[in-house]
Amino acid sequence: MAKKLKEVDVVLVGLGWTGGILAKELTEAGMQVVALERGGMRSTENDYSVPHVRDELRFVHRHDLMQNTQRDTLTVRNNVSQEAQPMRRLGSFLPGEVVGGSGVHWSGHTWRWTDQEFKIRSLYEERYGKKFIPDDMTIQDWGITYAELEPYYEKFEYTAAVSGKAGNLRGQLQAGGNPFEAPRQRDYALPPLTPILASQVFSEAAKNNGYHPFPRPSANASRAYTNPDGSHFGACQYCGYCQRFGCEANAKGSPHMTVIPIAMKNPNFELRTHAWVTRVLKDSTGKRVTGVLYTNTLTGEEVEQPARMVALTAYAINNVHLMLLSGIGRPYDPVSQQGVVGKNYCYQTGASATLFFEGRHFNPFMNAGGSNATIDDFNSTNWEFDRAKAGFIGGYNVGGGFNTALPIGYRPVPRGTPSWGKAWKSATAKWYQTAMNISASGAVMSNRYNYYDLDPTYRNAFGLPLMRMTFDYKENEHKMGRHAAQVINDIAKSMNPTSFNPAIARTEPWTVVPYQSTHNTGGTIMGTNPGNSVLNKYLQSWDCHNLFVVGANVFAHNNSYNPTGPVGALAYWTADAIKNQYMKNPGPLVSA
Amino acid sequence: MKKDGFDRRAFLKSAVAGGAAAATVSVPQSVQAQPTAATAAATAQGYAFLNPEEGAFVEALVDHMVPADELTPKGTDLGLNIFIDRSLAGGWGKGDRLYMQGPWKTGVPSQGYQLPLTPAELYRNGIAAANVHCVKTYKKTFDKVTAAEREEFLLALQAGKVTFENGPPSRTFFTTVYQTVMEGMFADPMYGGNRNKAGWKLIGFPGVIAVNYQNIEKYRDKPFPVNPVGIADMS
Ligand SMILES: Cc1cc2nc3c(=O)[nH]c(=O)nc-3n(C[C@H](O)[C@H](O)[C@H](O)COP(=O)(O)OP(=O)(O)OC[C@H]3O[C@@H](n4cnc5c(N)ncnc54)[C@H](O)[C@@H]3O)c2cc1C
Numbered sequence: 177m178a179k180k181l182k183e184v185d186v187v188l189v190g191l192g193w194t195g196g197i198l199a200k201e202l203t204e205a206g207m208q209v210v211a212l213e214r215g216g217m218r219s220t221e222n223d224y225s226v227p228h229v230r231d232e233l234r235f236v237h238r239h240d241l242m243q244n245t246q247r248d249t250l251t252v253r254n255n256v257s258q259e260a261q262p263m264r265r266l267g268s269f270l271p272g273e274v275v276g277g278s279g280v281h282w283s284g285h286t287w288r289w290t291d292q293e294f295k296i297r298s299l300y301e302e303r304y305g306k307k308f309i310p311d312d313m314t315i316q317d318w319g320i321t322y323a324e325l326e327p328y329y330e331k332f333e334y335t336a337a338v339s340g341k342a343g344n345l346r347g348q349l350q351a352g353g354n355p356f357e358a359p360r361q362r363d364y365a366l367p368p369l370t371p372i373l374a375s376q377v378f379s380e381a382a383k384n385n386g387y388h389p390f391p392r393p394s395a396n397a398s399r400a401y402t403n404p405d406g407s408h409f410g411a412c413q414y415c416g417y418c419q420r421f422g423c424e425a426n427a428k429g430s431p432h433m434t435v436i437p438i439a440m441k442n443p444n445f446e447l448r449t450h451a452w453v454t455r456v457l458k459d460s461t462g463k464r465v466t467g468v469l470y471t472n473t474l475t476g477e478e479v480e481q482p483a484r485m486v487a488l489t490a491y492a493i494n495n496v497h498l499m500l501l502s503g504i505g506r507p508y509d510p511v512s513q514q515g516v517v518g519k520n521y522c523y524q525t526g527a528s529a530t531l532f533f534e535g536r537h538f539n540p541f542m543n544a545g546g547s548n549a550t551i552d553d554f555n556s557t558n559w560e561f562d563r564a565k566a567g568f569i570g571g572y573n574v575g576g577g578f579n580t581a582l583p584i585g586y587r588p589v590p591r592g593t594p595s596w597g598k599a600w601k602s603a604t605a606k607w608y609q610t611a612m613n614i615s616a617s618g619a620v621m622s623n624r625y626n627y628y629d630l631d632p633t634y635r636n637a638f639g640l641p642l643m644r645m646t647f648d649y650k651e652n653e654h655k656m657g658r659h660a661a662q663v664i665n666d667i668a669k670s671m672n673p674t675s676f677n678p679a680i681a682r683t684e685p686w687t688v689v690p691y692q693s694t695h696n697t698g699g700t701i702m703g704t705n706p707g708n709s710v711l712n713k714y715l716q717s718w719d720c721h722n723l724f725v726v727g728a729n730v731f732a733h734n735n736s737y738n739p740t741g742p743v744g745a746l747a748y749w750t751a752d753a754i755k756n757q758y759m760k761n762p763g764p765l766v767s768a
Numbered sequence: 005m006k007k008d009g010f011d012r013r014a015f016l017k018s019a020v021a022g023g024a025a026a027a028t029v030s031v032p033q034s035v036q037a038q039p040t041a042a043t044a045a046a047t048a049q050g051y052a053f054l055n056p057e058e059g060a061f062v063e064a065l066v067d068h069m070v071p072a073d074e075l076t077p078k079g080t081d082l083g084l085n086i087f088i089d090r091s092l093a094g095g096w097g098k099g100d101r102l103y104m105q106g107p108w109k110t111g112v113p114s115q116g117y118q119l120p121l122t123p124a125e126l127y128r129n130g131i132a133a134a135n136v137h138c139v140k141t142y143k144k145t146f147d148k149v150t151a152a153e154r155e156e157f158l159l160a161l162q163a164g165k166v167t168f169e170n171g172p173p174s175r176t177f178f179t180t181v182y183q184t185v186m187e188g189m190f191a192d193p194m195y196g197g198n199r200n201k202a203g204w205k206l207i208g209f210p211g212v213i214a215v216n217y218q219n220i221e222k223y224r225d226k227p228f229p230v231n232p233v234g235i236a237d238m239s
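Chain order of the listed sequences is A and B.
Start counting the first sequence at 177; every next residue gets the next number (our numbering).
Start counting the second sequence at 5; every next residue gets the next number (our numbering).
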């Protein structure tokens with residue numbers, strides 16, 4: 177029998193970005209909050225300090241801060257006719273497993289997703305007709321608007337020290353910013369980062385090709401900063417060890433140095449580390465959750481933590497897994513297209529070229545997480561870009577620059593260079609400093625056959641079924657990839673490099689290696705009614721009103737942008753809905 | 005090169021001749037790994053995982069992949085064999101962070117690594133199978149074949165053209181081997197490879213950077229002074 181503890185107001189499952197935001201906001205509103213985090217405590221001073229944090233082998237290749245697949249992983253397959261096999265080690269994506277979650281080792285690119293996503297089906301049907309959307313493409317409106325989220329985007333940007341250049345301030349286009357962004361009330365918290373040479377030369381070329389380059393907004397403080405909560409940031413040192421590392425300068429907006437320490441000072445808050453939640457518990461009616469069950473991984477003991485309200489904040493993948501394990505909501509079935517939990521899993525696609533410029537010095541080891549210049553001319557945000565001609569829905573962004581170009585992983589050489597020996601060595605020496613990348617990140621539209629369910633065979637260390645991911649790229653992504661490769665190669669050619677490895681659109685199925693991005697979305701999507709979604713627009717479960725599920729798992733499809741802008745904004749939005757509406761009158765915030 | 009007049013290989017060989025080492029390879033004694041001129045550095049450091057046959061394989065491999073020239077000393081002089089040995093002896097080699105529950109199926113390539121082997125087991129069985137293959141094809145173990153034969157074998161391995169009889173998939177073996185050679189060359193020297201930061205000096209990578217705030221402008225399109233710093237230098 178599990179040891180049963182005293183009931184608390186709120187249990188948070190996972191303490192990364194979303195858990196951290198809810199912890200701070202809800203404790204400040206007077207609620208008694210317990211956060212259960214499977215990972216251990218980590219601090220900047222002890223764990224992310226120089227020199228030992230500058231260890232590519234440990235943090236990039238041995239996954240020091242990330243989920244340990246020995247305990248829990250997924251099974252994967254490309255389509256329903258394949259037998260899923262366990263992802264035996266991490267590769268394509270890297271969920272975090274420490275206090276702060278993936279928010280510790282992210283790069284910080286922070287975007288605002290707009291109505292182009294939130295109203296996707298309506299907009300495309302209106303402009304291109306119903307038939308333009310393929311039958312198996314299950315895109316749908318999200319039930320929320322940009323106008324509703326705008327203040328929360330701003331709140332997240334100011335919390336996380338996002339550096340950037342506004343492109344559209346209250347409807348006025350701003351030179352040097354992204355002309356395709358939706359109107360914002362305020363500029364970014366900080367001015368853009370100092371551009372590196374690679375992003376500079378990319379920007380010039382993009383401009384010469386008629387595009388609109390802008391500095392990528394990112395939560396890398398371009399100068400020392402104190403956020404509205406009083407959290408102190410150092411200035412980014414362009415150390416080149418951003419993505420997959422904790423930041424020794426506290427210059428990367430991360431939950432462990434912002435919202436979490438604030439919550440921890442509040443007597444209403446308690447953090448339990450090494451607490452692995454295995455299930456959300458329901459009452460006999462099935463209409464309310466009563467708390468969670470977890471295993472103390474230091475002792476092996478099973479514990480029940482009763483709570484009046486539960487929020488799943490365990491990262492996009494784990495949130496869906498917990499919903500399936502707990503039997504909340506009807507699991508999705510791709511054949512009948514009935515059920516909702518597991519529906520609309522999405523990922524991202526991309527293409528990239530490497531350009532070699534004899535004699536130049538790009539110093540690829542000097543950069544911030546967001547040292548990229550970007551163009552959105554072919555992105556979802558540019559509605560002028562004619563999809564009828566391009567033949568695909570959504571879009572992609574193209575960037576030039578570096579992010580964490582460390583030498584075990586990054587050693588560009590012209591295609592055809594031998595993999596070892598003297599010729600390999602001299603080419604490696606010659607081109608390391610003189611190469612740069614242009615790469616595209618592309619959206620993935622939801623598809624009937626891309627989904628999650630529970631695996632029938634494989635189990636995790638707690639004896640529970642692994643979650644099974646069924647995913648592959650469809651024609652929309654292939655068309656987008658070809659378009660992106662062409663645009664990249666045209667830009668590259670216009671730059672007259674000594675030589676370049678052209679971008680090639682991917683044709684092979686999605687694979688679990690190598691790393692692609694930790695931008696997994698969908699599975700417990702938000703929507704307008706219980707028939708098409710798991711959550712309402714406040715990320716509240718349609719089935720159990722005292723359960724909220726926060727993370728990119730709520731996205732009804734994926735965009736080309738990184739997810740954490742809307743993930744953070746939605747966490748603040750949900751916190752406000754809980755504080756201002758739910759606490760006063762607990763019950764469904766949207767009637768079904 | 006013999007240090008202090010002591011030939012490690014000769015000693016080890018005499019100690020295990022006809023024993024376990026021979027059994028794992030199942031090739032005739034006469035063509036087994038023979039004592040070669042081990043580097044002084046490797047001899048001095050010793051191996052925590054590799055047996056003599058495996059040591060000979062790895063030393064030949066890293067010296068072939070990273071030959072001495074005007075750019076760097078050869079692989080064993082950079083400690084790449086030591087890096088590999090320590091990696092295999094440590095947590096990673098023993099399957100840390102590897103989901104090791106069955107059932108075991110080959111799956112499709114997009115599903116990634118599916119072998120019931122830890123990296124250390126993959127290395128051990130892969131080396132044995134590679135030597136069987138080399139003996140069959142070239143009449144000698146990998147460490148004794150000519151440089152041209154070694155090159156031919158490695159290229160075939162990389163291209164997936166070699167089939168190991170009763171061994172792990174040759175391509176998976178190669179991928180792991182290649183990854184560890186590159187890790188040894190470019191990881192922080194505290195792990196045993198990249199000795200004297202030669203891998204970093206080769207490309208001009210500065211290692212442990214602390215502050216670059218001013219350097220973005222200062223070194224824009226200019227060479228950054230190459231004087232790499234490792235973790236040990238700052239500890
Ligand atoms: C290498 C990398 C680079 C990235 N770069 C970017 C970027 O540039 N821009 C961007 O927008 N996004 C980026 N991301 C994604 C970003 O990190 C996530 O979107 C963000 O952290 C999500 O916040 P979250 O709260 O949902 O999850 P997390 O921050 O990951 O927090 C989830 C927490 O829940 C815990 N947990 C999970 N399961 C359980 C359980 N069963 N019981 C208890 N605790 C549990 C985890 O240990 C973790 O601490 C990147 C991610 C990675 C890995």
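In this text, a Cβ means the ideal position worked out from N, Cα and C, and glycines have one as well.
- DSSP places Val62 of chain B inside the alpha helix (DSSP H), whose first and last residues are Pro56 to Met69.
- According to the DSSP secondary-structure assignment, Gln348 of chain A is paired through a beta bridge with A:Leu345.
- For the region 264-294 of chain A, the beta-carbon criterion of a distance under 9 angstroms to any beta-carbon of chain B is satisfied by Arg264, Arg265, Leu266, Gly267 and Ser268.
- For ligand 1, no non-hydrogen atom lies closer than 7 angstroms to the CB of Gln692 of chain A.
- In chain order, Tyr608 and Gln609 make up the part of chain A whose C-beta sits under 7 angstroms from the C-beta of Gly208 of chain B.
- Boundaries of the alpha helix (DSSP H) around Gly744 of chain A: Thr740 to Ala753.
- Contact of Glu221 of chain B with chain A is assigned, a C-beta pair being separated by under 8 angstroms.
- Contact between His654 of chain A and Ala681 of chain A holds, with the beta-carbon distance rounding to 7 angstroms and staying under 8 angstroms.
- Distances between the C-beta of Thr750 of chain A and the heavy atoms of ligand 1 are all 7 angstroms or more.
- Ala93 of chain B and Ala52 of chain B have their C-alpha atoms roughly 6 angstroms apart.
- In the structure shown, the three-state DSSP call for Asp509 of chain A is strand.
- For Asn738 of chain A, the shortest separation between its Cβ and any heavy atom of ligand 1 lies below 7 angstroms.
- Under the Cβ criterion of 8 angstroms, Glu232 of chain A is counted among the residues facing chain B.
- Around Ile88 of chain B, no beta-carbon contact reaches into chain A at under 8 angstroms, the shortest distance being about 13 angstroms.
- Looking from the CA of Thr290 of chain A, the closest CA among A:Asn735, A:Lys598 and A:Phe541 belongs to A:Asn735.
- Distance between Phe269 of chain A and Asn494 of chain A, taken at the CA atoms: about 13 angstroms.
- Contact annotation: in the region 171-186 of chain B, residues whose CB is within less than 9 angstroms of a CB in chain A are Tyr182, Gln183, Val185 and Met186.
- About 14 angstroms separates the beta carbon of Gly284 of chain A from that of Gly192 of chain A, a gap too long to meet the 8 angstroms contact definition.
- Contact annotation for Thr76 of chain B against chain A: Lys601 [CB-CB distance below 7 angstroms, chain order].
- Boundaries of the beta strand (DSSP E) harbouring Ile551 of chain A: Asn548 to Ile551, taken from the DSSP string.
- Between the alpha carbons of Pro762 of chain A and Asn756 of chain A lies a gap of roughly 11 angstroms.
- In this structure, the C-beta of Gly192 of chain A approaches ligand 1 to less than 7 angstroms from one of its heavy atoms.
- A straight-line Cα-Cα distance of about 6 angstroms links Asp185 of chain A and Val209 of chain A.
- Remark: C-beta atoms of Leu531 of chain A and Ala668 of chain A approach each other more closely than 8 angstroms.
- Excluding the 5 residues flanking it on each side, Val256 of chain A has same chain C-beta neighbours closer than 7 angstroms at Pro510, Tyr625 and Thr646, in chain order.
- Between Phe541 of chain A and Phe235 of chain A, the C-beta spacing is not below 8 angstroms.
- Looking at the DSSP output, Phe235 of chain A bridges to nothing.
- Under the three-state reduction of DSSP, Leu188 of chain A is assigned to strand.
- Listed as beta-bridge partners of Gly216 of chain A by DSSP are A:Val274.
- One Cα belongs to Ala751 of chain A, the other to Asp459 of chain A, and the distance between them is close to 24 angstroms.
- Counting only Cβ-Cβ distances below 7 angstroms, Phe190 of chain B has contacts in chain A at Pro583 and Ile584, in chain order.
- Within the region 519-600 of chain A, the complete alpha helix (DSSP H) segments of 4 residues or longer fall at 563-566, listed in chain order.
- The Cβ atoms of Val479 of chain A and Leu181 of chain A sit closer than 8 angstroms to each other.
- For Asn613 of chain A, the CB contacts under 6 angstroms within the same chain, skipping 5 residues up- and downstream, are Ser528 and Thr530 in chain order.
- Within chain B, the residues whose beta carbon sits less than 7 angstroms from that of Asn539 of chain A are Tyr223 and Phe228, listed in sequence order.
- Annotation for Gln514 of chain A: Arg506 and Tyr508 place their beta carbon closer than 8 angstroms to its own, counting only its chain and skipping 5 residues before and after.
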